[in-house]
Amino acid sequence: MVNRKISGMAMIFALSMLLLSGSAFASINPKVQLLNYTLSEVPAQPGQTVALTLHFKSMEADNCAESFSVTLAVGYPLSIRGSDTQYVSLLCAQDPDSKGDITFYLPVDNLATSGTYPVSVASAYEKRFTKLTSSNTVNLQVGGAPSFNASITSSAPVDIYAGDDAKVAVTFQNTGSSMVQSARATATSSGIVVKWAGSTQDLGSIAARGSATAYFNIEAPKNIAVGSYPLDVVLEYASENKSIGSTSFRFMVPVSPKADFTAASASPVLVSGEKKEVAITLSNTGTEEAKKLKVRIKPMFPFSTDGTVRYIDSLPAGSSANITYLVTVDKDATAGNQLLSFQVDFEDPQGKQMSDTADFALSVRALTLADQVSAVWYVWVALALGIVYMASKRMGRKKAA
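Start counting at 1 in the sequence shown, then tack on 4, and there's your number in our numbering.
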């Protein structure tokens, strides 16, 4: 009898302990976790809307989360289409997984640059008026590719003529959402000449929506025809994923018509120390008429001139005009061809003020003894005539005596 009582008491105790043990391991509050998330597009593209689906799960089998809500917070270049908060009235562990899926639609700005952008996720729920919260951060990757356009942004001089050197600035604009590195621009041309020292330029990094400028030195040959000539520019670069890309551009460089001048003299050889009128022919060898010409001679040793400006009303392309100057040769002039130059100021047919130079040479030889004798021949003739005259007078006196 006693043994049965003890046995009954033991059973009651064991059951009590089991109940107490069960209540000790039972959860007091529910627990909801963000298991993972998915994106409709990876990476998200500028100008598109990406669907962000958050996968939540209630983890406690004996406690459901009541009034479950999820609130999103984003920054530029992301925004939220619709409400930033979504609700589920009750979320339990036994619910299908899809019940814990919360989807937000996030437009990406058209001008977004590539990169990783944080999205803050705040969840809240209740259990018998006890409020519980948790927070997470998910990263949304915005991708895209570089894209370039280019333009000639400056030219010095603005108008390019045959024989001119010019500096041309080409600006590359990255209109894409991804930066590039190790950018390099190379220019080539047919017709005009790209100076080899500046035909390739390293530009380094060009940010998304950023720009960089390359400067190329070009030359229009002296004998080039009027017209437009191609300047081909290739931009090479490494994108963010280290792949190599390139873009080609073609610009047309106009070579404008312009008067151009040469000068020459058919004067015989000048002698050192003499002063002589010299005719010089000025020719318009260019491709356009010159008007209102003012021609100044710029002599250098051993020459000097009267320095007077000569005026020519018009000199069409292919025509010439003769100009005469009184030229004095220094007595210490060195024999040989000696250089002079014309400064020609003129207007083009549109009235634009322009200037040019034209060099020419005059041949000089040293003064010889024969030159000196010939220079005073009239003295000798006068002296001889005087001697003859005096002799005839003496003869006349003798006869008279």
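C-beta atoms are modelled at their ideal positions from N, C-alpha and C, and glycine is treated no differently. All figures in this text were calculated on a predicted structure; none of them were measured in a lab.
query: Reference Thr-57; option with closest CA among Gln-98, Leu-144, Ala-116; result: Leu-144
query: Contacts around Val-123, its chain only, beta-carbon distance under 8 Å, and the 5 residues preceding and following it disregarded; result: Leu-56, Leu-76, Ala-77, Val-78, Leu-82, Leu-110, Thr-141, Val-142, Asn-143, Leu-144
query: Boundaries of the beta strand (DSSP E) in which Leu-235 is found, first to last residue; result: 231-243
query: For Ser-367 and Phe-305, the rounded distance between their alpha carbons; result: 13 Å
query: For Ser-102, three-class secondary structure by DSSP; result: helix
query: Whether Asp-1 touches Thr-192 by CB criterion (7 Å); result: The question about residue 1 has no answer, for the chain in this structure spans 5 to 405.
query: Glu-64 vs Pro-100 beta-carbon contact at 7 Å; result: no
query: Any beta strand (DSSP E) of 3 or more consecutive residues that is wholly inside the segment 49-130; result: 53-62, 69-77, 89-95, 105-111
query: Beta-carbon contacts of Val-273 that lie in its chain and below 6 Å, excluding the five residues immediately before and after; result: Ser-367, Arg-369
query: Selected residue, minimal CA-CA separation from Lys-226, among Thr-309, Ser-318, Ile-164; result: Ile-164
query: Identity of the residue in Val-257, Ser-247, Ser-158, Val-74 nearest Ser-186 by Cα; result: Ser-247
query: Where Lys-1 falls, given that 16 or more other Cβ within 10 Å makes a residue buried; result: Here the chain has residues from 5 to 405 only, and residue 1 is not among them.
query: Any non-hydrogen atom of the ligand NAP closer than 6 Å to Asn-140 Cβ; result: Absence of the ligand NAP is noted for the structure shown, with no ligands found whatsoever.
query: Whole-number beta carbon distance between Gly-290 and Asp-264, since they are thought to touch under 8 Å; result: 3 Å
query: Residue closest to Ala-283, alpha-carbon to alpha-carbon, out of Leu-297, Val-275, Ala-267, Lys-295; result: Ala-267
query: Where Met-394 falls, given that 16 or more other Cβ within 10 Å makes a residue buried; result: exposed
query: Residues near Ile-391 by beta carbon distance below 6 Å, same chain, minus five either side; result: none
query: For Leu-319, the nearest candidate out of Phe-346, Ser-308, Phe-350, Lys-302 (CA to CA); result: Phe-350
query: Ser-159 beta carbon less than 7 Å from that of Ala-170; result: yes
query: Simplified DSSP state of Gly-26, which is helix, strand or coil; result: Note on Gly-26: pLDDT 44, under 50, position unreliable in the model; the coordinate value appears next. Looking at Gly-26 - three-state DSSP - the assignment turns out to be helix.
query: Sequence-distant residues of its chain with Cβ nearer than 6 Å to Ile-210 (five each side left out); result: Asn-178, Val-184, Ala-187, Ala-216
query: Ser-276 vs Leu-344 beta-carbon contact at 7 Å; result: no
query: Sequence-distant residues of its chain with Cβ nearer than 8 Å to Gly-208 (five each side left out); result: Gln-185, Ser-186, Ala-187, Ala-216
query: Gly-26 versus Ile-32 - alpha carbon distance; result: With a pLDDT of 44 at Gly-26, under the threshold of 50, the modelled position of this residue cannot be trusted; read the value that follows with caution. Their backbone Cα atoms lie some 12 Å apart in a straight line.
query: Exposed unless 16 or more other CB atoms sit within 10 angstroms - verdict on Pro-258; result: exposed
query: Beta-carbon gap between Thr-134 and Ala-128 smaller than 7 Å; result: no
query: Chain C within 7 Å of Val-146, Cβ atoms only; result: Absent from the structure: chain C. Only one protein chain is present.
query: Among Ile-156, Ser-324, Gly-231, Lys-298, nearest to Arg-254 - alpha-carbon criterion; result: Ile-156
query: Cβ neighbours of Val-112 in the same chain (closer than 8 Å, five flanking residues each side left out); result: Ala-48, Gln-49, Pro-50, Gly-51, Gln-52, Thr-53, Val-54, Pro-81, Leu-82, Val-146
query: Alpha carbon of Lys-61 to alpha carbon of Leu-43, nearest angstrom; result: 18 Å
query: Residue closest to Ser-232, alpha-carbon to alpha-carbon, out of Phe-72, Ser-194, Lys-356; result: Ser-194
query: Test item: CB-CB of Asn-288 and Ser-250 under 7 Å; result: no
query: 8 Å CB neighbourhood of Tyr-241 in its chain, flanking five on each side removed; result: Pro-150, Val-184, Gln-185, Ser-186, Ala-187, Arg-188, Ile-210, Ile-248, Gly-249, Ser-250
query: Contained alpha helix (DSSP H) runs [length at least 4] in the segment 305-387, N- to C-terminal order; result: 373-379
query: Cut-off 6 Å between Cβ atoms - residues of its own chain near Lys-279, not counting five sequence neighbours on either side; result: Thr-332
query: Cβ pair Val-238, Thr-190 closer than 7 Å; result: yes
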